[in-house]
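Quick notes on the structure that follows.
There are 2 protein chains.
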Amino acid sequence: MADDAREKWLAEAKRRMRSAGMRSGQSRTAVMELLARDGRCLMSAQDVVDAMSARGASSRASVYRVLDTLHELGMLHRIDSGDGVARFEIADPDEHHHHAVNEATGEITTFTDPVLEASIKAIAARLGLELTSHDVILRGTPAR
Amino acid sequence: MADDAREKWLAEAKRRMRSAGMRSGQSRTAVMELLARDGRCLMSAQDVVDAMSARGASSRASVYRVLDTLHELGMLHRIDSGDGVARFEIADPDEHHHHAVNEATGEITTFTDPVLEASIKAIAARLGLELTSHDVILRGTPAR
DNA sequence: GCAATAATGAGATTGGATCTTGTTATTGTC
DNA sequence: GACAATAACAAGATCCAATCTCATTATTGC
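Heads up: the sequence lines are chains A and B, in that order. Per my numbering: the first sequence = residues 11 to 154. Per my numbering: the second sequence = residues 11 to 154.
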């Protein structure tokens, strides 16, 4: 993701927090800035906890709280990859993607697909569902 | 799912276990029969543990082992619904479906869609991935 | 600057899942 | 059918992500 998109994300996250009547404590600020500056794709909460404690700030409880808050505010995607660890990534409104897991290496790649998105929209309409979110996860091994 | 499909599943599960060189201990047998006879859609491991201990059999460890084994043999789907609890359901080779979560009620419905499946196949091919499994989860609220 | 109160930190706690170890049961062989 | 080899099991300890508690600290409107 481009640097300016990250800064935009940070500004938007702060704006939404403020307009939700939330104060800007040091943990919230620090976690948001970490995610905006150094956030990798699919960080686990523990990754964030480690990164924060490496710079001597933010307790585990706070990190979990902030991640949860950002998720509720729609600023983070939460992906449950199946290993019992929730992973987060910045929600860039300009880029909607899904994930494919290489089961041989554990490597995760992202992809986008308009046909897939269209069919998901059609399914939701058929089910009478106002879609709030959706996940698609592919798992497989490299084809020979 | 029809009763005969369940019996077919049970027979196939036993066959695969046997051909994988595994013995048919009482825990394996009991868990498989429970799943085949009374298995609901999306049972958690704990649900199975409770059901087994209600009939005075199978330790928690055994239940987890058997579920894991059945999953590895391709006889169970494992769905991580995002609440930290893995859920399982019988893998009926004749019926491949996905899940939609009603976020207002927590209710889970299933759906199938050929267009969706086709696009997923196409994506996997594009990524050079030999697909072993894939999940699609929709979340939303009932449209007014 | 002050008071109200939201946010935080540290550690305890929860709960799903896994691991360990001694025991039991299954299976091929005789 | 009995026996030995060994796979499978049971019970409980343990692990670890996530949540909760509550006293302390920091932020914000006034």
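Heads up, the beta-carbon is just placed ideally off N, CA and C, and yes, glycines get one too.
Query                                                                                                                                                                          : Result
Could you give the first and the last residue of the continuous alpha helix (DSSP H) run that contains Arg-75(B)?                                                              : 70–82
For a test of the three-state rule: what should DSSP assign to Thr-122(A), helix, strand or coil?                                                                              : coil
Is the CB of Val-95(B) under 7 angstroms away from at least one CB in chain A?                                                                                                 : no
Going by DSSP, which residues form a beta bridge with Pro-181(B)?                                                                                                              : Residue 181(B) cannot be examined here, being either before or after the span of chain B that is shown, 11 to 154.
By DSSP, does Asp-8(B) sit in helix, in strand, or in coil?                                                                                                                    : No answer is possible for residue 8(B): it lies beyond the span of chain B, which begins at 11 and ends at 154.
To the nearest angstrom, how far is it from the Cα of Thr-151(B) to the Cα of Asp-145(A)?                                                                                      : 16 angstroms
Determine the chain A residues that contact Leu-139(B) at a beta-carbon separation under 8 angstroms, and present them in chain order.                                         : Ala-110, Asn-112, Leu-148, Gly-150, Thr-151, Pro-152 and Ala-153
Spell out whether any CB of chain B is found under 7 angstroms from the CB atom of Ser-143(A).                                                                                 : yes
Rank Ala-71(A), Ala-101(A), Arg-28(A) and His-109(A) by C-alpha distance to the C-alpha of Gly-49(A) and give the top, closest one.                                            : Ala-101(A)
Measuring alpha carbon to alpha carbon, tell me which of Val-58(B), Pro-124(B) and Arg-28(B) ends up nearest Ala-96(B).                                                        : Val-58(B)
Suppose you measure from the CA of Val-111(B) to the CA of Glu-140(A); what does that come to, to the nearest Å?                                                               : 11 angstroms
Could you check the C-alpha separation between Asp-60(A) and Ala-23(B) for me, to the nearest Å?                                                                               : 43 angstroms
Suppose you measure from the CA of Ser-72(A) to the CA of Ser-63(A); what does that come to, to the nearest Å?                                                                 : 11 angstroms
Since I believe Phe-98(B) is in contact with Leu-77(B) (beta carbons under 8 angstroms), could you give me their beta-carbon distance rounded to a whole number of angstroms?  : 6 angstroms
With Ala-46(A) and Leu-20(A) assumed to form a contact (beta carbons below 8 angstroms), what rounded beta-carbon distance in angstroms separates them?                        : 4 angstroms
Which same chain residues, not among the five before or five after Ile-130(B), have their C-beta less than 7 angstroms away from its C-beta?                                   : His-144
Establish whether the CB of Ser-5(B) and some CB of chain A are separated by less than 7 angstroms.                                                                            : Since the first residue shown for chain B is 11 and the last is 154, residue 5(B) is missing from the structure and cannot be characterised.
Cβ of Thr-119(B) within 7 angstroms of Cβ of His-107(B)?                                                                                                                       : no
If you draw a straight line from the alpha carbon of Asp-104(A) to that of His-87(A), how long is it in whole angstroms?                                                       : 13 angstroms
Give the interface partners of Leu-126(A) over in chain B, defined as CB-CB distance under 8 angstroms, in chain order.                                                        : Leu-126, Ser-129, Ile-130 and Ile-133
Using 7 angstroms as the limit for Cβ to Cβ distance, is Asp-90(B) near chain A?                                                                                               : yes
For Ala-134(A), does the count of other Cβ atoms within 10 angstroms reach 16, so buried, or fall short, so exposed?                                                           : buried
Rank Arg-28(B), Leu-137(B), Leu-126(B) and Gly-116(B) by C-alpha distance to the C-alpha of Leu-52(B) and give the top, closest one.                                           : Gly-116(B)
Just grab the DSSP bridge partners of Ala-110(A) for me.                                                                                                                       : Thr-119(A) and Leu-148(A)
So, for Glu-113(B): in the same chain, excluding its five sequence neighbours on each side, which residues have a beta-carbon less than 8 angstroms away from its beta-carbon? : Arg-149, Gly-150 and Thr-151
Should Arg-38(B) be labelled buried (16 or more other beta-carbon atoms within 10 Å of its own) or exposed?                                                                    : buried
Closer than 7 angstroms by C-beta to Ser-68(A): which residues in its own chain qualify, once you throw out the five before and the five after it? Chain order, please.        : Ser-37, Ala-40, Val-41 and Met-62
In the DSSP assignment, what are the bridge partners of Asp-90(A)?                                                                                                             : Ala-96(A)
Suppose you measure from the CA of Ala-132(A) to the CA of Val-125(A); what does that come to, to the nearest Å?                                                               : 11 angstroms
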